[in-house]
Every structure is written in C-alpha cells, then in structure tokens.
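Residue numbers (my numbering): 3 to 554.
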C-alpha cells in the first residue's frame with residue numbers, strides 16, 4: 003500500500019476525530035501483512051465470495067459463484083494456499099425427494115466441527131433453494147430444502163442449529179416475488195440423518211395482518227409487494243433477509259438490508275419476534291460529511307441535506323458489559339430490477355420548493371434547487387425515489403442515499419452506539435488521493451462518490467491481546483479498515499491496509515486483490531501459525547483469496 007500524507011492540508015475538510023488521533027500512529031508496524039494468495043484466475047466473475055475456516059484440517063472453504071462450487075483450500079502453509087478439491091452441489095439428492103439441479107448457484111458456506119453447510123439457490127432464484135451438507139473431507143452427507151434464494155448460512159455457536167437467510171428476491175420483471183424467511187435447521191451434529199421435518203421456517207407473515215411495522219422499516223415497491231396494509235404477503239414478500247449473526251443457541255439477528263432494519267429471531271420457536279429499524283444518518287451533521295459528486299474533479303467532503311440509510315450487508319456481534327452489540331458494514335443496497343427500480347439521481351427528482359429540510363439549506367448557502375441539482379453538486383448522487391416523497395404530492399421533501407459509507411455499532415434495541423461518520427472517505431483521501439473513491443473494475447479517481455463511496459461490505463471481529471478489533475472490507479476502492487472496538491462508544495481507527503496495486507492493470511494478476519467480499523478472522527488458537535491470528539479475505543472481482551498475518 004502506498005501511503006501519502008502531504009495532501010492532508012489540501013483537503014477541503016481536514017482529517018478529524020479518531021482518524022486524526024491515530025494517523026501518526028500508523029507507523030512502522032504493518033498490522034495486516036499479506037502471507038499468501040490463491041487465485042481462481044477469473045476476473046469480475048464472483049469467483050471468490052464467502053470464506054469459512056476449519057481449524058482441525060486447516061482448510062478454507064471459498065464460495066465460487068462462477069463455477070457454482072465451493073473451493074477447498076489447504077492453508078497449513080498460509081504462504082502458499084493450495085486448492086485440494088471442489089464441493090459440487092448439483093446432483094445431490096435432498097431429504098424431500100428433490101435433487102439439487104444443474105444451474106443451481108452456491109451462495110454461502112459455513113463450517114462447524116466436521117460439518118460443512120453450503121447454501122444453494124435454485125436455477126430460477128424465485129424457487130425454493132437447498133442447503134447441502136458435507137463432511138470436512140468433502141463427502142456429501144445430505145441436503146434439505148429451504149426458502150427462495152438462500153443467501154447466507156451460519157451455525158449457532160454450539161453447532162446444533164444452522165440458520166439460513168432466504169432473501170426471496172423477485173424475478174427481473176417483478177412478476178414473481180417470493181417471501182423472505184429464515185430457515186432454522188436442527189443439525190445436532192447429525193446431518194446425514196436430517197429429514198425435511200428438521201427444517202423450521204421463521205417468516206414475516208405476522209406483519210401482513212394486524213401487527214404494525216415500526217416507523218423507519220422500509221416496505222415499498224410495486225403493488226405486487228406492497229398493496230395496502232393488511233394485504234396478504236405485503237410485508238412477507240417485501241422483506242429480504244441478507245445476513246445472520248447467531249448470538250447464542252437461542253437468538254439471532256438478521257439484517258433486512260433494503261428495508262434498513264433487522265429482525266430478531268427466537269431460535270427455540272423459530273419465530274421472528276421483532277423488526278427493528280436502523281434509523282438514518284444525517285449528512286448535514288458535523289462528522290458525517292461525504293463527497294457527493296463524481297463530476298467535480300475534486301475531493302470535496304462536506305455536509306449536505308441528505309439522509310443516509312445504513313442498510314448494512316455483513317454484521318458481526320460481541321458482548322460488552324453484559325449486552326450484545328451488533329457491528330455493521332453499512333454498504334447500502336438499491337432495489338433495481340427491470341420491472342421496478344427505486345434508483346434515481348437527485349437531478350431527476352422534483353424537489354419540494356418549500357421543503358423544511360432542503361429550503362433552509364438552499365437559503366443559507368445562496369443556492370437554488372437548480373444549483374443543488376447540478377452534476378457538480380448533488381445532481382449525480384444516487385438516492386431513493388421511493389423514500390422522502392411528500393405525502394399526497396409528487397415532489398421530494400427529503401433525500402435518502404444508500405448506505406452509510408461507514409461502519410456502526412448498534413445495541414440490539416437499535417440504538418446507535420458508534421458510527422465512523424466520514425472517517426472512511428477522509429482516510430482514503432489522505433492515504434491515496436490519486437485513486438480516491440475508485441471503482442474495483444478500473445483504476446480511477448472519484449468514480450464512486452455519487453454512489454455509496456467506498457461501499458463497506460464485509461466485516462468480522464477478532465480478539466488480539468485482550469482487545470477487540472473490527473476488520474471492515476471496502477468493496478470498491480479495496481482494502482481493510484481496522485478499528486479497535488474494545489470500548490464501543492469510543493471505537494478508534496487503527497489502520498487501513500489495501501492489498502491492491504493501482505499501478506497494475508485491473509484484470510491482471512499484478513493488480514492483486516479487488517473487491518473484498520467475505521472476511522474471516524482466524525484466532526491465534528485456531529491458526530496454522532501457532533500463536534498468530536490470521537485474516538482470510540475473499541475478493542469477488544479479482545477472484546483471489548488472501549491470508550494476512552495479524553500483528554496488533
């Protein structure tokens with residue numbers, strides 16, 4: 003990684019807060035030192051997505067969506083990870099009499115003990131999918147049917163239950179929209195003996211009736227999914243479980259990314275007991291600035307009258323002073339299909355002339371709505387056309403952008419404990435200004451400022467030397483942000499490491515890692531290097547899986 007500090011004085015807003023406090027401490031030691039990389043050789047084909055680790059055999063299981071397989075890597079020598087074999091899911095018979103079909107796609111993998119579970123979507127993603135079980139030697143043991151588009155799988159800490167987030171996305175025309183759900187599978191370490199009766203489904207149908215959704219939970223889209231309150235399937239079809247963290251053997255929290263909320267699941271009854279909104283981030287507040295334009299030719303972080311929807315992708319959790327905290331990578335996601343899209347540029351919206359949110363900002367800055375909607379201002383910023391509309395009118399009172407360009411710590415009640423604010427973009431501006439907010443498929447400047455910025459997607463927590471650290475992968479520009487979250491309210495930036503070479507052409511091996519997707523922390527006690535923790539990162543664009551030595 004090339005570090006540049008001279009540009010700090012040239013930034014329109016100086017580096018502040020925890021980032022400034024730690025900027026001079028990122029000195030001589032490298033907190034993440036790359037050890038070895040395995041490459042699929044496929045560029046921009048989602049050939050390395052989710053990664054899981056088996057400490058007994060020192061193997062990594064990496065989802066290769068391109069090949070619809072899970073690649074099994076030997077990392078007993080982490081400087082030279084080597085492929086052993088593939089877990090191939092098509093053709094595996096399931097307990098309900100079905101067979102995993104050709105064209106099915108592996109989406110997620112989880113390991114506990116000697117059991118490996120692979121979540122597989124059907125060739126038609128609106129059909130029910132499967133979970134296929136293997137032993138760690140690669141032998142297929144069984145399969146069961148789950149909901150549509152199983153996108154993420156996670157074992158409970160004791161390994162007795164496997165949880166699957168069934169995203170239930172619509173087809174491209176939005177003429178078929180299956181329900182989102184969470185499968186709760188009684189594995190009990192005996193996957194070969196499973197029947198379909200061992201699969202229970204936690205759904206959202208209670209909110210299709212009289213149960214009221216909390217304010218801030220986004221249920222929106224065409225009539226197929228929304229309709230009037232009380233319409234059968236309105237909420238159940240609209241909510242799309244994305245990511246699961248199993249806090250214990252009894253409860254789990256499930257991110258509903260597009261809805262900007264999370265669900266609480268009681269694992270004893272396999273019921274969703276609550277839906278909690280994440281809330282919104284005010285980009286006018288000091289410390290929450292962003293760069294909103296890819297057409298201004300500059301790094302320009304500033305306060306703007308826009309709300310950010312946190313909309314995390316990955317989530318992890320830890321305990322602090324007796325309570326569970328959720329740590330989120332606030333990627334953002336837009337509902338964008340051929341049959342329906344909420345995506346819009348600010349310049350294409352009708353803004354309410356008397357908006358209590360926008361009008362004071364315009365007056366204070368001597369601007370008109372037309373000025374605000376120029377490409378060099380907010381015109382190019384991607385926002386939701388479905389949120390912020392004035393009731394009964396066709397104009398927008400408020401603007402809502404996708405994602406928080408940050409990571410956050412929330413209580414399980416949805417209270418915000420910490421947010422990194424604008425620190426990610428400030429750090430990127432200081433570290434490598436020439437490629438600020440670059441995309442992952444090109445070496446570019448400022449190309450993602452109009453749409454989610456660095457786009458934090460993956461996150462994992464790890465304990466080193468008695469302290470808890472968060473490792474956050476930035477999908478677009480690349481690299482890993484490291485924060486000390488031991489004190490959640492005072493979480494502090496530690497370092498940023500980007501195993502990407504901007505001097506090399508993307509799509510070539512010399513570019514190294516592009517598009518970090520899945521992160522897995524390997525504790526010192528589970529590491530192939532005794533006493534030394536590692537971080538495994540799967541990169542979907544470069545098709546690489548890299549192991550880092552953690553020295554914190």
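Just so you know, even glycine gets a beta-carbon here, dropped at the ideal spot from N, CA and C.
Under the 8 Å Cβ criterion, the segment 345-363 counts as touching the segment 392-409, having at least three qualifying pairs.
Under the three-state reduction of DSSP, residue 426 is assigned to helix. Unbroken alpha helix (DSSP H) stretches of 4 residues or longer found wholly inside the segment 359-415: 360-367 and 371-374, given in chain order.
Where residue 541 is concerned, the enclosing beta strand (DSSP E) starts and stops at 536-541. Between the beta-carbon of residue 490 and that of residue 420 there is about 6 Å, and that keeps the pair under the 8 Å contact cut. Restricting attention to 451, 135 and 107, the CA atom closest to the CA of residue 151 is found in 107.
Looking at the DSSP output, residue 155 shares a beta bridge with 166. According to DSSP, residue pairing for residue 351 in a beta bridge does not occur. By the criterion of a C-beta distance shorter than 8 Å, residue 163 is surrounded in its chain by 157, 186, 187, 188, 189, 248, 251 and 269, once the five residues flanking it on both sides are discounted.
Looking at the DSSP output, residue 250 shares a beta bridge with no other residue. DSSP places residue 287 outside both helix and strand once states are collapsed to three, so it counts as coil.
When rounded, the separation of the alpha-carbon atoms in residue 430 and residue 541 is 19 Å.
Comparing alpha-carbon positions, the option among 243, 280, 111 and 202 lying closest to residue 404 turns out to be 280. For the pair residue 453 and residue 416, the Cα-to-Cα distance works out to about 25 Å. Within its own chain, the residues whose Cβ lies closer than 8 Å to the Cβ of residue 364, once the five positions on either side in sequence are excluded, are 370, 371, 373 and 374, listed in chain order. Inside the segment 455-495, DSSP marks whole beta strand (DSSP E) runs of 3 or more residues at positions 458-466, 469-476 and 482-486, from first to last along the chain. For residue 61, the secondary structure class from DSSP, reduced to helix, strand or coil, is strand.
Its chain contains 349 as the residues whose beta carbon lies nearer than 8 Å to that of residue 376, once the 5 sequence neighbours on both sides are disregarded; these appear in chain order. Apart from the 5 residues on each side of it in sequence, residue 121 sits with its Cβ closer than 6 Å to the Cβ of 109, 110, 133, 152, 155 and 166 in its chain, given in chain order. DSSP assignment within the segment 174-236 yields the following whole beta strand (DSSP E) runs of 3 residues or more, N-terminal first: 183-188 and 201-204.
As summarised for the segment 288-342, the continuous beta strand (DSSP E) elements at least 3 residues long and confined to that stretch are 309-311, 317-322 and 325-331, given in chain order.
Taking C-beta atoms as the reference points, residue 409 and residue 418 fail to come closer than 7 Å. Cβ neighbours of residue 406 within its own chain (closer than 6 Å, five residues either side excluded): 283, 310, 312 and 332. Taken atom to atom, the span from the alpha-carbon of residue 77 to that of residue 124 is near 31 Å. By the criterion of a C-beta distance shorter than 7 Å, residue 441 is surrounded in its chain by 449, 450 and 478, once the five residues flanking it on both sides are discounted. Going by beta carbons, residue 169 and residue 242 fall inside the 7 Å limit.
The C-beta distance from residue 422 to residue 402 rounds to 20 Å, too long to fall under 8 Å, and the pair is not in contact. One alpha carbon belongs to residue 212, the other to residue 459, and they sit about 35 Å apart. Shown here for residue 388: same chain residues with a beta carbon closer than 6 Å to its own, the five before and five after excluded, namely 222 and 344 in chain order. Residue 82 carries a coil assignment under DSSP once its states are collapsed to helix, strand and coil. No Cβ-Cβ contact shorter than 7 Å links residue 238 with residue 202. Annotation: the continuous beta strand (DSSP E) that includes residue 38 extends over 34-41. In the DSSP secondary-structure assignment, residue 71 is bridged to 66 and 90. DSSP, read as helix, strand or coil, puts residue 437 in helix. Each residue's CA atom was taken as its position, placing residue 254 and residue 267 some 5 Å apart. In the displayed model, residue 518 falls within a strand according to three-state DSSP.
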